[in-house]
Amino acid sequence: MLEMIRTELAAAIGTALAAMGVEAPQIVVDVPPRRPLGDLAWAGALPLAKTLRRAPRAIAEEVARRLDEARATLPAEHPLAMLEPGCAVEGPGFLNFRLRRGAALARLLREMRESHPRRDERGGPGGVAEAGGSGGGPKCPPKVIVEHTNINPNKAAHIGHLRNAVLGDTLVRCLRYLGHPVEVQDYIDDTGVQVADVVVGFLFLPEERLLAAVGAAWPGLAPAPSRSGVLAAFAARAAAGTLVSDTLGEADLDDLCWDLYPRVTRWYEEDESAAARRAEVLHAVEAGFPSELSLEQAIEDLASSDHGPRTTDHASIARLAAAVAEANVRCHLVTMGRLGIAYDVLPHESDILHRGFWQRAFELLQATGAIRLEEDGKNAGCWVMSLADSPEFAGMADADKILLRSSGTVTYTGKDIAYQLWKLGLLRDAGGALHDFGYRAFVRFARDGAAGPVRYGQGARVLYRTASDPAERPTGVAFGAGGRVYNVIDVRQSYPQKVVKEAIRVLGHPEAAENSIHFAYEMVALTPKAVRRLEETHGLDFGLTAEDMAKPFLEMSGRRGIGVAADALLVTLIREAERAIADRQGEGPALAPELVAARARAIAVGALRYQMARQGRNRVLAFDFDEALAFEGDTGPYLQYSAVRAAKVFEKLAAQGLAGSTETDAGAAAAAAVSDDLWELAFACARTREVVGKALASLEFSLLAGHTRDLAQLFHKLYHEHSVLHAEDEAVRALRRGVFRLFGETIREILEELLGIPVPQEM
RNA sequence: GCGCCGAUGGCUCAAUGGAUAGAGCACCUGACUUCGGAUCAGGCGGUUGGGGGUUCGAGUCCCUCUCGGCGCGCCA
18 MLEMIRTELA
28 AAIGTALAAM
38 GVEAPQIVVD
48 VPPRRPLGDL
58 AWAGALPLAK
68 TLRRAPRAIA
78 EEVARRLDEA
88 RATLPAEHPL
98 AMLEPGCAVE
108 GPGFLNFRLR
118 RGAALARLLR
128 EMRESHPRRD
138 ERGGPGGVAE
148 AGGSGGGPKC
158 PPKVIVEHTN
168 INPNKAAHIG
178 HLRNAVLGDT
188 LVRCLRYLGH
198 PVEVQDYIDD
208 TGVQVADVVV
218 GFLFLPEERL
228 LAAVGAAWPG
238 LAPAPSRSGV
248 LAAFAARAAA
258 GTLVSDTLGE
268 ADLDDLCWDL
278 YPRVTRWYEE
288 DESAAARRAE
298 VLHAVEAGFP
308 SELSLEQAIE
318 DLASSDHGPR
328 TTDHASIARL
338 AAAVAEANVR
348 CHLVTMGRLG
358 IAYDVLPHES
368 DILHRGFWQR
378 AFELLQATGA
388 IRLEEDGKNA
398 GCWVMSLADS
408 PEFAGMADAD
418 KILLRSSGTV
428 TYTGKDIAYQ
438 LWKLGLLRDA
448 GGALHDFGYR
458 AFVRFARDGA
468 AGPVRYGQGA
478 RVLYRTASDP
488 AERPTGVAFG
498 AGGRVYNVID
508 VRQSYPQKVV
518 KEAIRVLGHP
528 EAAENSIHFA
538 YEMVALTPKA
548 VRRLEETHGL
558 DFGLTAEDMA
568 KPFLEMSGRR
578 GIGVAADALL
588 VTLIREAERA
598 IADRQGEGPA
608 LAPELVAARA
618 RAIAVGALRY
628 QMARQGRNRV
638 LAFDFDEALA
648 FEGDTGPYLQ
658 YSAVRAAKVF
668 EKLAAQGLAG
678 STETDAGAAA
688 AAAVSDDLWE
698 LAFACARTRE
708 VVGKALASLE
718 FSLLAGHTRD
728 LAQLFHKLYH
738 EHSVLHAEDE
748 AVRALRRGVF
758 RLFGETIREI
768 LEELLGIPVP
778 QEM
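Note that our numbering gives residue 522 to position 505 of the first sequence, counting from 1, and the numbers run on in steps of one.
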């Protein structure tokens, strides 16, 4: 409603200005900072003062006069009839308008009713993109691809990954809210050194070190723990599906790897011969394995050759690496699923390699002359892309980026260019056909409600993964070829992301380059206090210097094992939430444990997601336990509590037969004089779409978070001052109830659909 | 060296170039025989890092300086 009025008002101001002989470039109707000033405002008279050589107030007054005349003839159903007649010129020349509160509130309530039942799961059925998003009706906007999470599948997710996934997921939710079809991709780097390092750990790390890492996660390996025993256990667990656990707090493979990985990197530092193992495994992983090679077979091969550092079968190593990566991916899915974060497709780097994406991209780059083979100099023998002509890269000492090494292998950036081309639908074979992956179902999943946890294993929706054989393609499945692509990656990757964008541009796709958006955000680090707490609770010593500990924050490091694992944080949050619930429970019968657990989970997710959303994206998030565990003040639970309270009011009303209906409230509102405080909340609710639009335009979800907190604050205040149940009379009750109804629906929609924060029944 | 980002009350953070810079935490004083106190009311606390400039208007844009962080690989 609000958007339509603003559009019409801007048009009317434009008409008035035109009649005054003024061609205003762009008319912006905004909202005054404080409601007493009005609901809508036009500040355009101020900049016009100079060109017109008239006082800004005089300009505003003339516009006001002409507007009044024009509006006098409008039909009653015109959007501008929703404004109070007349307008005020205030301050240096602001033109302020007021809405007819009662009528506007009635309209908001009726629109709210029309939009129900809620559109659930906008953005394609079951994760299957529909015909590249180009089908559908004429007004169907092009498909947007959002890539986020992208965790190396070699260890558990940490809080840095949480920031990525929460920002990415919030982006997805906001896009869908505004009607964009969205495809969510989680890129899996299953062939990189990080996976190789963990595999080195299983195969070549000195046995006692391996056993030390495995012991914590997999107790009961005895009686005679050994490397081959570990491998056998891995195979057994893979077969039984117990490398991954749905139970929060149970040690998964990713937790085992979290411990194993730093031991491997330490071994590299201590033992020079380890480097050869690393290279060998990496090479094996990149080469892949025949599809008929089973994990059992591979592990049997590997275990039988377990006599110290000896070269084993490369295909078997690759097969093990694939299993390690896959299990880690499944762990990550479960972790993110707990926060209500789901995906449509998992593009795998191994498939990019084996499907020849780089080969095709290389041909395209050569054909357009975007890259050249360096004959001599320090980059001799490499294919490089010159960045010298691009203003983005002006002033760089070395403006050439190597895409193909002299060894003939492709760099990370090279692969990324190929992948980005595919995402944009620009990776095409000579004949013009899309150069595409194959696909196969990875796992089924379901979720309850917009913010409920994502449960894997069964359900109506299917998460797909890529395959290297393009013939492998379930019917109706198509991914990639987006009209716009957001890559959610932390700011440290800005340089390669710019190179990718530049490559798209020089390949002759300037619009596509503009639609390749790097959603950059600052890293998550740890406060020294948080690091100390980690050392204490885990009995570790990260070996940090006094100088390190004096810094404002410390970078996490998977290699050194410094970090807060996502699941561990969630466990702590849930425990704290349970304690808070118990504290507030007072006397009376104890709650059922499942009930407490469900509420605590919702509160934990709310606290976590809100903390990630409320902070501006280009500010380092220095993680602190006390801050993360706060449930009062500017926190997720504060917002959840407002939604729970609003729902409670309606429960009580219903119990006394006073619930009314949207229609009775709308009718009452239309006839009522709406007080300032009630109006302030109603008007704020009406601004939600505008705020989502701004958040999306600036990629700043702090705007949405702030808006939500404003709503909750206004509500809590009203809640204290104006009882609905004990209202003086029915008219007053209906009006308050109408505003609370609007708030209740709005806050629930924002929390569950946009911020992914579940609203519990009770807290 | 070049580039990007940050600096806002004691602390953590907000604020499409607009009107009186907002929250929370901490501290102090208050509020339930009425819809749940994870709440609310009030108080304390600011020359928005320094200096120039543009503008009718600057926390926001430009220049410069200081401090802090991060990038600038034939790593991924």
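Beta carbons are placed, not taken as given, at the ideal position from N, Cα and C, and that holds for glycine.
Being a predicted model, the structure only gives us computed values, none of them experimental.
One or two residues paired with residue i in a DSSP bridge
{"i": "S533", "result": "V502"}
{"i": "M402", "result": "I388, K418"}
{"i": "L728", "result": "Answer is none; L728 lacks a bridge partner."}
{"i": "D507", "result": "Y538"}
{"i": "G455", "result": "A484"}
{"i": "S423", "result": "In the DSSP output, where bridge partners are listed per residue, S423 has none listed."}
{"i": "Q202", "result": "E164, V362"}
{"i": "I579", "result": "S574"}
Residue i to residue j span [Cα, whole Å]
{"i": "G623", "j": "V661", "result": "13 Å"}
{"i": "A33", "j": "R704", "result": "26 Å"}
{"i": "A8", "j": "F642", "result": "There is simply no residue 8 to check, as the chain begins at 18 and stops at 780 in what is shown."}
{"i": "N635", "j": "V80", "result": "41 Å"}
{"i": "D446", "j": "R758", "result": "56 Å"}
{"i": "E707", "j": "Q376", "result": "45 Å"}
{"i": "A27", "j": "L100", "result": "13 Å"}
{"i": "A671", "j": "K734", "result": "23 Å"}
{"i": "G177", "j": "M540", "result": "7 Å"}
{"i": "V362", "j": "E392", "result": "41 Å"}
{"i": "G580", "j": "V231", "result": "19 Å"}
{"i": "P198", "j": "G455", "result": "22 Å"}
{"i": "I598", "j": "R618", "result": "11 Å"}
{"i": "P12", "j": "A98", "result": "Missing from the structure shown is residue 12; the chain here goes from 18 to 780 and no further."}
{"i": "Y481", "j": "Q202", "result": "10 Å"}
{"i": "S740", "j": "V666", "result": "9 Å"}
{"i": "E621", "j": "I30", "result": "The displayed chain sequence assigns Ala, not Glu, to residue 621. Taking the straight line joining both Cα atoms gives about 48 Å."}
{"i": "G373", "j": "V517", "result": "18 Å"}
{"i": "G398", "j": "V776", "result": "59 Å"}
{"i": "M780", "j": "E766", "result": "18 Å"}
Per-residue DSSP class, three states only, for residue i
{"i": "N113", "result": "strand"}
{"i": "T60", "result": "In the sequence under discussion, the amino acid at residue 60 is Ala, which differs from the Thr named in the question. Three-state DSSP puts A60 in coil, outside helix and strand."}
{"i": "S311", "result": "coil"}
{"i": "D47", "result": "strand"}
{"i": "I30", "result": "helix"}
{"i": "S574", "result": "strand"}
{"i": "A599", "result": "helix"}
{"i": "E770", "result": "helix"}
{"i": "I168", "result": "coil"}
{"i": "H175", "result": "strand"}
{"i": "R461", "result": "strand"}
{"i": "R139", "result": "Confidence at R139 is low in this model, with a pLDDT of 40, below 50, so its placement is unreliable and the value that follows should be read with caution. In the structure shown, R139 sits in coil (DSSP, three-state: anything other than H, G, I, E or B)."}
{"i": "R478", "result": "strand"}
{"i": "F219", "result": "helix"}
Assumed close pair residue i, residue j - CB separation to whole angstroms, cut-off 8 Å
{"i": "T430", "j": "P513", "result": "5 Å"}
{"i": "E107", "j": "L54", "result": "6 Å"}
{"i": "G761", "j": "A663", "result": "4 Å"}
{"i": "R226", "j": "W284", "result": "7 Å"}
{"i": "T483", "j": "P606", "result": "The pair is not a contact, with the Cβ atoms about 53 Å apart (cut-off 8 Å)."}
{"i": "G354", "j": "P470", "result": "6 Å"}
{"i": "A689", "j": "L125", "result": "About 14 Å separates the two Cβ atoms, so there is no contact after all."}
Top-ranked residue by Cα proximity to residue i, from the options
{"i": "A415", "options": "L421, S423, D406", "result": "According to the sequence as given, residue 415 is Asp; it is not Ala. It is D406."}
{"i": "K67", "options": "R82, L84, V39", "result": "V39"}
{"i": "L270", "options": "L612, A537, A234", "result": "A234"}
{"i": "V281", "options": "E267, I334, F221", "result": "F221"}
{"i": "R754", "options": "A250, N532, V691, H371", "result": "V691"}
{"i": "L84", "options": "P102, R74, A72", "result": "P102"}
{"i": "H349", "options": "D584, L370, R226", "result": "D584"}
{"i": "A301", "options": "D507, V216, V189, K515", "result": "V216"}
{"i": "Y503", "options": "V613, Y538, H175", "result": "Y538"}
{"i": "A123", "options": "R750, T681, V709, S719", "result": "T681"}
{"i": "V247", "options": "E649, I316, L179", "result": "I316"}
Residue i Cβ short of 7 Å to the ligand FMN heavy atom set
{"i": "V427", "result": "Ligands displayed in this structure: none; no statement on the ligand FMN is therefore possible."}
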